[in-house]
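In the working numbering, the protein residues as written are 10 to 120.
See below:
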């Protein structure tokens, strides 16, 4: 629960569409820092951008494979090798990440 989490530690969650909106809303309500992992979709990075521009304490991370691969690459690399979470996204989502490099705080992978 946001209210009871130790204030000196950020709250960390995975980007999963509507969860980003919920976490940002709660971060704003309780004035807490949040870090959102594995941002991959256009709507996720756009929500984070709005939050940052509203002075909500949010940071985010993007995985390299979401910057360099999309669902269009799956046939070439093989569906087994391309199996990541979040799944590889559409080119429009990938472009939104590149267009918002100034919003992304770090890059990380668990692969």
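Ideal placement from N, C-alpha and C gives every residue a C-beta, glycine not left out.
- Secondary structure at residue 57: helix, using DSSP grouped into helix, strand and coil.
- By the Cβ-count criterion, residue 103 is buried, with 16 or more other Cβ atoms from all chains shown falling within 10 Å of its own Cβ.
- Ranked by how close their Cα comes to the Cα of residue 31, the residues 47, 57, 49 have 57 in first place.
- In the three-state DSSP reduction, residue 74 falls in the helix class (H, G or I).
- Counted as a single uninterrupted DSSP element, the beta strand (DSSP E) harbouring residue 20 occupies residues 20 to 23.
- The alpha carbon of residue 36 has as its nearest neighbour, out of 106, 116, 67, the alpha carbon of 67.
- In this structure, residue 114 sits away from residue 46, with a CB-CB distance that is not shorter than 8 Å.
- As a beta-bridge residue in DSSP terms, residue 44 pairs with 21, 68.
- Going by beta carbons, residue 24 and residue 55 fall outside the 8 Å limit.
- In this structure, the straight-line span from the alpha carbon of residue 83 to that of residue 13 is close to 42 Å.
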